[in-house]
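As they're listed, the protein sequences go chains A and B.
Residue numbering for the first sequence follows numbering that gives the first Met the number 0, starting at 0 and increasing by one per position.
Residue numbering for the second sequence follows numbering that gives the first Met the number 0, starting at 0 and increasing by one per position.
Heads up, the beta-carbon is just placed ideally off N, CA and C, and yes, glycines get one too.
This report concerns only the one structure given below.
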Amino acid sequence: MDFLSYLINGLGLGSVYAIIALGYTMVYGIAKMLNFAHGDVIMVGAYVAFFAISNLGLPLLPAVLLSIAVCTVLGVVIERLAYKPLRAASSLSVLITAIGVSYFLQNAAQLLWSSSTKVFPSVISNGGISWNGLTVSWLTLITISVCVLVMICLVLFINRTKTGRAMRACSEDKGASTLMGINVNLMISITFAIGSGLAAIASVLLCAAYPSVFPTLGAMPGIKAFTAAVFGGIGSIPGAFLGGLLLGVIEIFAKAYISTQLSDAIVFAVLILVLLIKPTGLLGKRIREKV
Amino acid sequence: MLKISDLKVSYGMIEAIKGISFEVNNGEIVTLIGANGAGKTTTMHAISGLLKPRGGSITLDGTELTKLPPHRIVSMGLAQVPEGRRVFAQQTVEENLALGAYSRKDKNETASDLTEVFTLFPRLLERRKQMAGTLSGGEQQMLAMGRALMARPSILLLDEPSMGLSPLLVSEIFHIIEEINRKGTTILLVEQNAKRALAIADRAYVLETGLITLSGTGSELANDERVKKAYLGG
Numbered sequence: 000m001d002f003l004s005y006l007i008n009g010l011g012l013g014s015v016y017a018i019i020a021l022g023y024t025m026v027y028g029i030a031k032m033l034n035f036a037h038g039d040v041i042m043v044g045a046y047v048a049f050f051a052i053s054n055l056g057l058p059l060l061p062a063v064l065l066s067i068a069v070c071t072v073l074g075v076v077i078e079r080l081a082y083k084p085l086r087a088a089s090s091l092s093v094l095i096t097a098i099g100v101s102y103f104l105q106n107a108a109q110l111l112w113s114s115s116t117k118v119f120p121s122v123i124s125n126g127g128i129s130w131n132g133l134t135v136s137w138l139t140l141i142t143i144s145v146c147v148l149v150m151i152c153l154v155l156f157i158n159r160t161k162t163g164r165a166m167r168a169c170s171e172d173k174g175a176s177t178l179m180g181i182n183v184n185l186m187i188s189i190t191f192a193i194g195s196g197l198a199a200i201a202s203v204l205l206c207a208a209y210p211s212v213f214p215t216l217g218a219m220p221g222i223k224a225f226t227a228a229v230f231g232g233i234g235s236i237p238g239a240f241l242g243g244l245l246l247g248v249i250e251i252f253a254k255a256y257i258s259t260q261l262s263d264a265i266v267f268a269v270l271i272l273v274l275l276i277k278p279t280g281l282l283g284k285r286i287r288e289k290v
Numbered sequence: 000m001l002k003i004s005d006l007k008v009s010y011g012m013i014e015a016i017k018g019i020s021f022e023v024n025n026g027e028i029v030t031l032i033g034a035n036g037a038g039k040t041t042t043m044h045a046i047s048g049l050l051k052p053r054g055g056s057i058t059l060d061g062t063e064l065t066k067l068p069p070h071r072i073v074s075m076g077l078a079q080v081p082e083g084r085r086v087f088a089q090q091t092v093e094e095n096l097a098l099g100a101y102s103r104k105d106k107n108e109t110a111s112d113l114t115e116v117f118t119l120f121p122r123l124l125e126r127r128k129q130m131a132g133t134l135s136g137g138e139q140q141m142l143a144m145g146r147a148l149m150a151r152p153s154i155l156l157l158d159e160p161s162m163g164l165s166p167l168l169v170s171e172i173f174h175i176i177e178e179i180n181r182k183g184t185t186i187l188l189v190e191q192n193a194k195r196a197l198a199i200a201d202r203a204y205v206l207e208t209g210l211i212t213l214s215g216t217g218s219e220l221a222n223d224e225r226v227k228k229a230y231l232g233g
């Protein structure tokens, strides 16, 4: 029973990583950049949800929606102000800018809301479902369901809609997409909007599990979700899903069976191993040079 | 309908197009011939808005194209089949064709244009569920042309459509270009295969290192000694 309970908890944690990883992988797929400020968008989402619940007294759902709205706008604004002017610049410049945006957001949060940790109110009731001695908390169930729902919606959107098709076209060839009449800048904005909206959802799920809000809150989940995206194959949406879930399960198993302190090291060791064997990640496509 | 005046395009400090003027009239096939690096593709990219000109003007039926955002140009009635085909390899043939019609809102007419594209290229109908990346070179060229036609352009720009194809396929592609023109689409064709291009062209221009050095009807240029010597192999 222990094994099963660890597995389910791992899937719960992994679901949060997967939702965050989707933001990294989608932005990479279309803008070919690593948005290292993505983790800090999670932090902003957490603060917005915190103030909405604690100060404005909003119920959970409106608070989540407000957080999604703020993060979506923030993501689009970051892209417009910081990344769009660098569209023709080298990827190193963009990477450094992304790190700069990350520090900017962390320090702005510290300035606005101080560095002291705020306690996120308990938003999801403590109980759960018990079955044959196995207990699964509501939070874990909700987290996994939200992740599956997000994944289904995203796959349908990307594969079945005109905008989704245009986004895939942009990720393959921006020049040819422009010739089709696709507004490439708009597609990049939509991608940042979706990724940042998902970050807001992840922030609430994360804070429901680990109820402390502080300016560097997004750093660790951000880097782990980035790892998950690379693990699954950066640029691949099913890859982010798979990578996130696996990373969560590995982390919980490592904590349970090996060592709590070494769990992060084990997670990253697994990543290195996977990349040594399959450099494109689990579901990553090999990029063939066109002749 | 398409009028280019004193067009100048630079890559950084290097001036690739040094002020060229030419026009394409309604219903014509006009070809731009020239050696590698003469600036043919640069000219095509400037017309489609992929490159911003340093000077000059490009007008389509009187509308200045250089001031439009590039993604708006296709809805003005100008589509391009780019050099190297550039189909979306990870999407199906059908999805590629749907992307060609991206800027159109008229669903019924788009559906009838799809039928027409499949009539023109029966091979695409056979392979409609296949990923574009798995098609042969000739099929990809057909897909790139079909995709551009899905925009229902009044003028179609073709950049090196015969590149890398077998002689048999080259003939087929040139027949199809004439067929598209006969159905009422104006054509601007860029080709290294000068002989073939001049044979179907109403008028032609010779581009040499960023300047137009000769112009005339297709047959005039095909019989011009200088053109024969430089582009037709004697």
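Any C-beta of chain A under 8 angstroms from that of residue i
i: residue 10 of chain B; result: no
i: residue 159 of chain B; result: no
i: residue 250 of chain B; result: Nothing about residue 250 of chain B can be read from this structure; chain B reaches only from 0 to 233.
i: residue 102 of chain B; result: yes
i: residue 135 of chain B; result: no
Assigned secondary structure, residue i (DSSP; H/G/I helix, E/B strand, else coil)
i: residue 122 of chain A; result: coil
i: residue 78 of chain B; result: strand
i: residue 289 of chain A; result: Interpretation of residue 289 of chain A is limited by its pLDDT of 42, a score under 50 that renders its predicted location unreliable; the figure taken from the coordinates is listed afterwards. Coil.
i: residue 184 of chain B; result: coil
i: residue 15 of chain B; result: strand
i: residue 216 of chain B; result: strand
i: residue 149 of chain B; result: coil
i: residue 225 of chain A; result: helix
i: residue 65 of chain B; result: coil
i: residue 102 of chain A; result: helix
i: residue 279 of chain A; result: coil
i: residue 55 of chain B; result: strand
i: residue 127 of chain A; result: strand
i: residue 107 of chain A; result: helix
i: residue 171 of chain A; result: helix
i: residue 190 of chain A; result: helix
i: residue 29 of chain B; result: strand
i: residue 2 of chain B; result: strand
i: residue 42 of chain A; result: helix
For residue i, the nearest candidate out of the options (CA to CA)
i: residue 97 of chain B; options: B/133, B/127, B/168 and B/10; result: B/127
i: residue 139 of chain B; options: B/23, B/91 and B/39; result: B/91
i: residue 26 of chain B; options: B/232, B/177 and B/229; result: B/177
i: residue 47 of chain B; options: B/59, B/231 and B/94; result: B/59
i: residue 162 of chain B; options: B/104, B/229 and B/188; result: B/188
i: residue 183 of chain B; options: B/148, B/72 and B/214; result: B/148
Below-8 angstroms beta-carbon distance, residue i vs any chain B residue
i: residue 155 of chain A; result: no
i: residue 190 of chain A; result: no
i: residue 280 of chain A; result: no
i: residue 234 of chain A; result: no
i: residue 166 of chain A; result: no
i: residue 288 of chain A; result: Here the model assigns residue 288 of chain A a pLDDT of 43, short of 50, so the residue's position is not dependable and the matter cannot be decided.
i: residue 171 of chain A; result: yes
i: residue 96 of chain A; result: no
i: residue 25 of chain A; result: no
i: residue 180 of chain A; result: yes
i: residue 28 of chain A; result: no
i: residue 163 of chain A; result: no
i: residue 175 of chain A; result: yes
C-beta atoms of residue i and residue j nearer than 8 angstroms
i: residue 44 of chain B; j: residue 182 of chain A; result: no
i: residue 162 of chain A; j: residue 8 of chain A; result: no
i: residue 266 of chain A; j: residue 226 of chain A; result: yes
i: residue 77 of chain A; j: residue 100 of chain A; result: yes
i: residue 248 of chain A; j: residue 13 of chain A; result: yes
i: residue 80 of chain B; j: residue 130 of chain B; result: no
i: residue 145 of chain A; j: residue 80 of chain A; result: no
i: residue 171 of chain B; j: residue 190 of chain B; result: no
i: residue 345 of chain A; j: residue 63 of chain A; result: Residue 345 of chain A lies beyond the residue range present for chain A, which begins at 0 and ends at 290; the question has no answer from this structure.
i: residue 123 of chain A; j: residue 141 of chain A; result: yes
i: residue 132 of chain B; j: residue 164 of chain B; result: no
i: residue 187 of chain A; j: residue 87 of chain A; result: no
Review point. Looking at C-beta atoms only, is the number of pairs between the segment 14 to 21 of chain A and the segment 212 to 231 of chain A that lie closer than 8 angstroms three or more?
Key: Short answer: they touch.
Check your understanding: Between the segment 51 to 60 of chain A and the segment 213 to 227 of chain A, do at least 3 Cβ pairs fall closer than 8 angstroms?
Key -> With a cut-off of 8 angstroms on Cβ pairs, the segment 51 to 60 of chain A is not in contact with the segment 213 to 227 of chain A, counting fewer than three such pairs.
Review point. Taking three-plus beta-carbon pairs below 8 angstroms as touching, is the segment 203 to 211 of chain B in contact with the segment 22 to 37 of chain B?
Key: These segments touch.
Review point. Taking three-plus beta-carbon pairs below 8 angstroms as touching, is the segment 2 to 14 of chain B in contact with the segment 52 to 64 of chain B?
Key: The segment 2 to 14 of chain B is in contact with the segment 52 to 64 of chain B.
Check your understanding: Counting pairs of Cβ atoms below 8 angstroms between the segment 8 to 25 of chain B and the segment 217 to 225 of chain B, do you hit three or more?
Key -> No, the segment 8 to 25 of chain B does not touch the segment 217 to 225 of chain B.
**Study point:** the segment 30 to 46 of chain A contacting the segment 254 to 271 of chain A, beta-carbon criterion three pairs below 8 angstroms
**Key:** The way I'd put it, the segment 30 to 46 of chain A doesn't touch the segment 254 to 271 of chain A; fewer than three beta-carbon pairs between them come closer than 8 angstroms.
Check your understanding: Is it a yes or a no for the segment 207 to 216 of chain A touching the segment 105 to 122 of chain A, going by three-plus beta-carbon pairs under 8 angstroms?
Key -> As far as the Cβ criterion goes, the segment 207 to 216 of chain A touches the segment 105 to 122 of chain A, which means the pair count is three or higher.
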